[in-house]
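Numbering-wise, the UniProt record's numbering puts 191 at position 191 of the sequence shown, and it's gapless, one number per residue. Reviewing the structure listed below.
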Amino acid sequence: MTATECLSKMVDQLLSREEPTLCIQNPMGTGKTFLLKKLIRELEKLLGKSARVCVVTYRTTLSLSMLASLEDLGFINYLDMKGTDKLQLADKCIVQLDSIGMVMRSGRIIPHYDLVVLDESESTLHHATARKHGVRQRQTFDAFCSIVKQADRLLVMDALLGRETRAYLRSLGRPPRVVRNTWRSDTPRVFEFTNDQDTWASELVERLRQGHNCAVASMSATKLHNLKAYLVEQGVLEWEDILIYDSQTNDDIKMQNDVI
């Protein structure tokens with residue numbers, strides 16, 4: 001069985017609740033967000049309705065990053081719901097650990113989720129256990145544990161998934177199954193560094209005219225769009241032959257073109 005087949009089997013077992021807890025050790029660049037979105041879509045097909053999903057993280061910045069990737073699935077961020085009870089009613093939410101109480105209903109009723117996702121689990125758990133000495137912190141930790149324990153399915157992800165995560169899950173009666181996602185592109189990469197932008201642009205044009213497929217990475221989306229316009233003006237490529245993926249590009253478009 002290949003690594004991909006193994007991961008697919010474990011995801012299927014998570015969906016069917018045959019094995020309701022799955023831990024994935026996944027370094028950056030291994031398609032974590034893509035996997036999560038595909039999992040949620042498959043779960044909703046299985047349930048035949050909108051799935052209730054809660055993503056828990058420990059960093060505000062990470063919650064914002066997750067929202068940018070998941071908003072098209074109907075997720076809302078706790079930061080946008082402060083002072084309201086909308087997070088309690090939301091089917092899909094992203095919440096920072098310290099604000100987990102926002103998903104609790106009146107009477108401190110523990111909400112039920114079809115899927116709970118712990119992102120950067122080691123840091124999240126370290127943050128939780130380091131701050132549980134005060135009354136409020138203890139209540140937050142207890143609520144967090146109850147939500148995780150009662151979830152129909154639990155997906156845990158971290159690049160450095162280790163002992164703290166495993167011990168925590170065992171304490172809740174959720175034996176961890178860990179899969180290491182080591183996927184990397186097989187295409188070799190050769191890097192040449194230059195400050196000569198004119199030569200670089202000329203070589204790019206030459207390669208494209210020779211029929212090569214080329215990828216350009218840039219910190220500036222504007223430069224990419226300008227480059228696209230230049231290549232079209234020069235008659236190197238047609239407009240529809242140049243794909244640009246920036247912060248505004250939906251993951252669904254990337255999936256259509258097998259980018260992820």
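Even for Gly, the Cβ is constructed at its ideal location relative to N, Cα and C. Computed from a prediction, not measured in an experiment: that's the story for all the values here.
Rounded straight-line distance, which links the Cα of K38 to that of I242: 26 Å
N- and C-terminal bounds of the beta strand (DSSP E) containing L155: 154-158
The stretch 208-219 contacting the stretch 59-73, beta-carbon criterion three pairs below 8 Å: no
For G211, the three-state DSSP class (helix, strand or coil): coil
For I24, three-class secondary structure by DSSP: strand
Reduced DSSP secondary structure (H/G/I, E/B, other) of I147: helix
Under 8 Å between C-beta atoms of I100 and A151: no
Q96 in three-state terms, based on DSSP: strand
For N226, the three-state DSSP class (helix, strand or coil): helix
Segment contact flag, the stretch 152-168 with the stretch 114-128, C-beta cutoff 8 Å, min 3 pairs: yes
Range of the contiguous alpha helix (DSSP H) that encloses L243: Neither: L243 is in no alpha helix (DSSP H) and is coded neither H nor E.
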